[in-house]
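Participant:
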Amino acid sequence: MKNDKIAIFSMRESKFIMNDFEEAIHTSMRKYSLRQLNFMDNIEHEQILEALQKSMQVCHLAGVNSIQHFKKIYVYDAEVSTMHIDWQMTKKGLNLMVMQTPSMNEKMARWLWELADL
Numbered sequence: 005m006k007n008d009k010i011a012i013f014s015m016r017e018s019k020f021i022m023n024d025f026e027e028a029i030h031t032s033m034r035k036y037s038l039r040q041l042n043f044m045d046n047i048e049h050e051q052i053l054e055a056l057q058k059s060m061q062v063c064h065l066a067g068v069n070s071i072q073h074f075k076k077i078y079v080y081d082a083e084v085s086t087m088h089i090d091w092q093m094t095k096k097g098l099n100l101m102v103m104q105t106p107s108m109n110e111k112m113a114r115w116l117w118e119l120a121d122l
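Counting from 1, position 33 in the sequence shown corresponds to residue 37 in this note's numbering; the numbering is continuous, with no gaps.
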């Protein structure tokens, strides 16, 4: 007589697997970073960080987990042996951040125009 065995997995183990899977999906969607924001050349770093904070607040108020769109990363510069903070973000996160930026220049105006066209 053949016996079939059923392996029971605890909810705790499956939570970790699901969290890893979700994190992999979110990581793959975060394609942008602050280093790529070359159109914000006349904006101070503090203003960029303020726009980033406001974007995360928009996510929070809209009931969206900001971790899905923004993630703090640490970047090591081997040439000068320093580490600095950067942020990875999704396209939606980047667009939110651009909308929250207080300054305006020609490059930002074009970016906002493209956003309005979506």
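Glycine is no exception: its CB is placed at the ideal position from the N, C-alpha and C atoms.
DSSP on Ile47, reduced to helix/strand/coil?
Facilitator: coil
Participant: Measuring only the C-alpha atoms, how far is Ile10 from Gln40?
Facilitator: Unreliable positioning characterises Ile10 in this predicted model, as indicated by a pLDDT of 45, which lies under 50. A coordinate reading is not provided.
Participant: Measure the CB-CB distance between Trp115 and Leu38 and report whether it falls below 8 Å.
Facilitator: no
Participant: Would you call the region 75-83 and the region 47-59 touching, i.e. three or more CB-CB distances under 8 Å?
Facilitator: Below 8 Å, too few C-beta pairs join the region 75-83 and the region 47-59 to call them touching: fewer than three.
Participant: Leaving out five residues before and five after His30 in sequence, what residues of the same chain have Cβ atoms less than 6 Å from its Cβ?
Facilitator: Gln72
Participant: Going along the chain, which residues of its own chain have a beta-carbon closer than 6 Å to the beta-carbon of Leu119, five neighbours each way excluded?
Facilitator: Asn99
Participant: Within the same chain, show all residues whose beta-carbon is closer than 8 Å to that of His64, passing over the 5 residues directly before and after it, in chain order.
Facilitator: Ser70
Participant: Express the C-alpha separation of Glu110 and Ser32 in angstroms, rounding to a whole number.
Facilitator: 30 Å
Participant: Which first and last residues belong to the alpha helix (DSSP H) in which Gln104 is found?
Facilitator: 95-104
Participant: Check this for me: beta carbons of Met101 and Met93, under 8 Å apart or not?
Facilitator: yes
Participant: Please go through the same chain and pick out, in chain order, the residues whose beta-carbon is closer than 7 Å to the beta-carbon of Val62, but skip the five residues on each side of it.
Facilitator: Leu100
Participant: Just to confirm before moving on: does the CB-CB distance between Phe74 and Met60 stay below 8 Å?
Facilitator: yes
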